[in-house]
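Residue numbers for the sequence shown follow the working numbering, so the first one is 34 and each next one is one higher.
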Amino acid sequence: MRYFDDLTVGETGTFGEATLSEAEILSFAEQWDPQRFHVDPDAAAESVHGGLIASGLHTIGVAMRHWVDEWLSNVANLGARYIRRVEFHDPVRPGDTLVVRGELLEKTTPDHTDAHGYADYELAAHVGGDPAMTMVTDLVVQRRGG
Numbered sequence: 034m035r036y037f038d039d040l041t042v043g044e045t046g047t048f049g050e051a052t053l054s055e056a057e058i059l060s061f062a063e064q065w066d067p068q069r070f071h072v073d074p075d076a077a078a079e080s081v082h083g084g085l086i087a088s089g090l091h092t093i094g095v096a097m098r099h100w101v102d103e104w105l106s107n108v109a110n111l112g113a114r115y116i117r118r119v120e121f122h123d124p125v126r127p128g129d130t131l132v133v134r135g136e137l138l139e140k141t142t143p144d145h146t147d148a149h150g151y152a153d154y155e156l157a158a159h160v161g162g163d164p165a166m167t168m169v170t171d172l173v174v175q176r177r178g179g
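Listed below in structure tokens is the structure:
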């Protein structure tokens with residue numbers, strides 16, 4: 034288990050990849066984000082997107098799953114205080130492969146306790162080397178012995 038004290042600002046990682054099929058995009062969107070450009074290929078073709086695209090929430094969910102499996106599950110994470118920023122740079126389309134990467138941006142320690150610290154982390158999903166989604170979250174991470 035890695036604690037706040039073990040984390041290094043600037044450390045990066047690649048946490049896996051997933052190719053989203055049309056069926057997965059439709060299934061997620063029908064349940065959680067049924068906007069026409071996510072659930073109706075014909076309507077999506079007529080939209081500004083020019084075709085079916087994945088929900089941004091789907092992209093975040095895929096990125097989170099890989100991050101949890103490959104990094105966060107080995108950190109003494111106590112949860113997030115907030116998500117500071119979420120950006121959707123380019124739409125994710127059927128057949129796109131998301132490559133999930135991250136970087137520890139900053140660490141701060143609160144004045145009120147020695148039990149934990151705060152770690153700002155950028156999580157990103159890339160398609161073909163370009164970012165499709167980035168988000169920055171503020172994790173609360175237990176300190177060693179805290």
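We put the beta carbon where it would ideally sit given N, CA and C, even for glycine. Small disclaimer: the values here were computed from a predicted structure and weren't measured.
Cα-Cα separation between residue i and residue j, rounded to whole angstroms
| i | j | result |
| --- | --- | --- |
| P124 | D163 | 11 Å |
| H159 | V133 | 6 Å |
| E57 | G179 | 42 Å |
| R69 | A76 | 6 Å |
| L90 | W104 | 20 Å |
| S106 | A78 | 39 Å |
| T47 | Q175 | 23 Å |
| T142 | Y151 | 6 Å |
| V42 | K140 | 7 Å |
Host beta strand (DSSP E) of residue i (start-end)
| i | result |
| --- | --- |
| L138 | T130 to T141 |
Test item: CB-CB of residue i and residue j under 8 Å
| i | j | result |
| --- | --- | --- |
| A157 | G128 | no |
| H145 | V173 | no |
| V119 | L138 | no |
| T92 | M166 | yes |
| R18 | L85 | This structure gives no information on residue 18, because the portion of the chain shown stretches from 34 to 179. |
| Y36 | A109 | yes |
| S88 | D66 | yes |
Host alpha helix (DSSP H) of residue i (start-end)
| i | result |
| --- | --- |
| V72 | R69 to V72 |
| M168 | Not the alpha helix (DSSP H): M168 falls in the beta strand (DSSP E), residues D163 to Q175. |
| E103 | G89 to E103 |
Reduced DSSP secondary structure (H/G/I, E/B, other) of residue i
| i | result |
| --- | --- |
| A109 | coil |
| A62 | helix |
| A158 | strand |
| R35 | strand |
| D153 | strand |
| A51 | strand |
| E120 | strand |
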